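> Dropping a structure here in structure tokens format, bear with me for questions.
Numbering (the working numbering), first residue to last: 489 to 627.
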């Protein structure tokens, strides 16, 4: 039985999260949106395996999905024409909205991660991810 997500899976998730923040800060909203969609796909894959009651398969599937999606995102991003003068939100615009670079530079704390998981119908119980019910917004 799995003891929850292993270090490499968490590292991949963290890397995707850092990529989202970094791209938002540099004004590349398009690439940030690609990464957000990738995180959503990886969470959906994880939930399917957890619903089936197989933690080990869920962990392996999530790790493989994150790797594949990240590669696909890089390829998709490379295919998009870039005009750096007009793409995305500038750092100044984010600061005007009340964000600062330090908001994105800090690691995600456990309470925030638990809240995000809870919003998606997942809790951490004894070091394992457990499907607890419906995600926010589901009927």
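All C-beta atoms in this analysis are idealised placements derived from N, C-alpha and C, irrespective of residue type, glycine included. Only a predicted model underlies this, so the values are computations on that prediction, with no experimental measurement involved.
1) Taking just the CA atoms, how far does residue 555 sit from residue 518?
2) Compute the distance between the beta-carbons of residue 619 and residue 507, then report whether it is under 8 angstroms.
3) Kindly list the residues whose CB is nearer than 8 angstroms to the CB of residue 605, restricted to its own chain and excluding five residues on each side of it in sequence; keep chain order.
4) Considering only DSSP beta bridges, list what residue 506 is partnered with.
5) Should residue 504 and residue 531 be called a contact, given that it needs their Cβ atoms to be closer than 8 angstroms?
6) With a threshold of 16 other CB atoms inside 10 Å of the CB of residue 547, please say whether the residue is buried or exposed.
7) Please report the distance separating the alpha-carbon of residue 511 from that of residue 545.
8) Starting from the C-beta of residue 602, find all residues in its chain whose C-beta is less than 8 angstroms away, skip the five residues before and the five after it, and write them out in chain order.
Result, derived from the coordinates:
1) 20 angstroms
2) no
3) 611, 612 and 617
4) Answer by DSSP bridge pairing: none, since residue 506 is not bridged.
5) no
6) buried
7) 31 angstroms
8) 611 and 612
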